[in-house]
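As C-alpha cells, the structure follows; a few thoughts come after it.
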Amino acid sequence: MFEKFVSLPSDGKVAQEWAIEYLLAGFAGFMGSMDATHVGMLKCYYKLKQFNDSWKLNMPSRTYNATVTHRRWIIHTTKGHPGRWHDQTLQLYDALAKGLRDGPTYDDLEFVLLRRLDGGTVVEYRYRGGWLLVDNGYLPWLAMVPPSKLSMTYAELRFSKWLESLRKDVECTFGIMNGRFRVFKIGIPLHGIEVCDRV
11 MFEKFVSLPS DGKVAQEWAI EYLLAGFAGF MGSMDATHVG MLKCYYKLKQ FNDSWKLNMP
71 SRTYNATVTH RRWIIHTTKG HPGRWHDQTL QLYDALAKGL RDGPTYDDLE FVLLRRLDGG
131 TVVEYRYRGG WLLVDNGYLP WLAMVPPSKL SMTYAELRFS KWLESLRKDV ECTFGIMNGR
191 FRVFKIGIPL HGIEVCDRV
C-alpha cells in the first residue's frame, strides 16, 4: 500500500499544485513540512535492543523522517533507522532533503521571493527548486527552513510564529496516523527490523 499512497510529485509543476495552500499563505517554493517520528518495537531482538534504544519512547523503536503537505498527504518518508538517531542524522539519509539541497529535485520549479533593501526598495529574486519547513533540530541547509530561535524584531517574531503554525501539519499527520492505526500508538508486536519497516 506504500507505493499507492506515498508518492512525490512527478515534477515542479505538479509540486506547485500540491503546495497551493503554502503559496496562498505567502510561502512561494514551499514543498511541505518534514519531521521525524518514532514507532515502538515490542519484540526487539536482544542483540539489537541497544542499537534501537529510543530517547523518546520507553522501548526500542524505529525512527522515520516524513514529509507531508498541508492536506496531510505523506509525500515522502525514509526507511526505518535506529531509534537513537536524531533529526540531523536522519536528514543525511533522506533522498528528498538531499535532492532539494543539491539541486536536481524540482529544479524546473521557479518561484519569486521579495527582498527589501536598506533604502526601502523592494526587489524580486527568482529561485529554482523548493524548500521544506523543519524544526530547529535539523542541519542548516538552504533547502531546510526552521523557525528562528532568536527573533530580534517584531517582524522576525511574526514570521517565525507563522512558520511554526504551518509546521503543525506534520505533527497533526503523526497524530492522525496514531489514531487510525493502533499499532503505531502501542508499538509493533513483531520480531525483526525488516518486518517493522514493512509495517
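First residue of the sequence shown: 11, per the working numbering; consecutive thereafter. Even glycine gets a Cβ: it sits at the ideal position worked out from N, Cα and C.
> What are the boundary residues of the beta strand (DSSP E) that residue 121 is part of?
Replying inline: Your numbering for residue 121 matches position 111 in the sequence shown. Its beta strand (DSSP E) spans residues 120-126.
>> Using a 10 Å radius around the Cβ and a threshold of 16 neighbouring Cβ atoms, would you call residue 62 buried or exposed?
In response: Reading the sequence shown from its first residue, position 52 is the one you call residue 62. Residue 62 is buried by the Cβ-count criterion.
> Between which two residues does the beta strand (DSSP E) containing residue 22 stretch?
Replying inline: Stepping through the sequence shown from its first residue, residue 22 is reached at position 12. Bounds of any beta strand (DSSP E) do not take in residue 22; it lies within the alpha helix (DSSP H) bounded by 22-28.
>> Restricting to Cα atoms, I'd like to know which of 24, 174 and 123 is closest to residue 157.
In response: Locating residue 157 in the sequence shown gives position 147, counting from the first residue. That would be 174, whose Cα lies nearest to the Cα of residue 157.
> Which partner residues does residue 63 have in the DSSP bridge list?
Replying inline: Residue numbering aside, residue 63 sits at position 53 when the sequence shown is read from its first letter. Residue 63 pairs with 70.
>> I'd like to confirm the pairing. Which residues does DSSP put opposite residue 81 in its beta bridges?
In response: For this step, residue 81 is matched to residue 71 along the sequence shown. Residue 81 is not bridged to any residue.
> I think residue 117 touches residue 138, with their Cβ atoms under 8 Å apart; what is that distance to the nearest whole Å?
Replying inline: Here residue 117 refers to the residue found at position 107 when the sequence shown is read from its first residue. Here residue 138 refers to the residue found at position 128 when the sequence shown is read from its first residue. At roughly 5 Å, the Cβ-Cβ gap stays under 8 Å, so residue 117 and residue 138 are in contact.
> Between 66, 70 and 39, which lies nearest to residue 54 when the distance is taken from Cα to Cα?
Replying inline: Along the sequence shown, one-based indexing puts residue 54 at 44. Nearest C-alpha to residue 54: 70.
> From 59, 32 and 14, pick the residue whose C-alpha is nearest to that of residue 140; which is it?
Replying inline: Counting from 1 along the sequence shown, the entry for residue 140 is found at position 130. Among 59, 32 and 14, the Cα nearest to that of residue 140 is on 32.
> Within 10 angstroms of its Cβ, does residue 19 collect 16 or more other Cβ (buried), or is it exposed?
Replying inline: Within the sequence shown, numbered from 1, the residue matching residue 19 stands at position 9. Residue burial annotation: residue 19 is buried, with at least 16 other C-beta atoms found within 10 angstroms of its C-beta.
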